[in-house]
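Residue numbers (mature numbering (1 follows the signal peptide of the UniProt record, and there is no 0)): -26 to -1, 1 to 111.
Structure, rendered in structure tokens:
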């Protein structure tokens, strides 16, 4: 009887070992293709404005900031046009912008409106329709 139970346990273990998860394995996150380029409506520089005290304040549009738990981040566009997530610390709101306390420098480019479909590593360009609209003014 004991031998029969051991054989059943061994057979069950072997079956699980070779069956795996039954095709329900976790899929790794999709990595962006090297040539994947997405047009976004606005890519804006981090603005430095004179603050109420001695120094200047850095501002980003409130729409550019996203939240992940207690963290706040923005999508920074590098010199090569690729997106990188940057975690920042923000202060008060000023006319639709947020004061950046840490994490960004003046002049860095950020995606003006956060889009969760944009992922780190994707190359972005400014949307042609927005570029034409600005040039026609």
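Each residue gets a CB set at the ideal place from its N, CA and C atoms; glycine is no exception.
Of the residues 40, 36, 53, the one whose Cα lies closest to the Cα of residue 99 is 53. For residue 10, no beta strand (DSSP E) encloses it, and the DSSP letter there is neither H nor E. Considering only 26, 25, 23, 34, the residue with the shortest C-alpha distance to residue 16 is 34.
In the three-state DSSP reduction, residue -20 falls in the helix class (H, G or I).
For residue 82, the closest alpha carbon among the candidates 38, 12, 29 is that of 38. Between the region 39 to 49 and the region 72 to 92, the count of Cβ pairs shorter than 8 Å is three or higher; the stretches touch.
Counting along the chain, residue 58 sits inside the beta strand (DSSP E) bounded by residues 57 to 68. The three-state secondary structure of residue 36, taken from DSSP, is helix. Per DSSP, reduced to three states, the secondary structure at residue 43 is coil, with no helix or strand assignment.
For residue 22, the CB contacts under 6 Å within the same chain, skipping 5 residues up- and downstream, are 30, 32, 80 in chain order.
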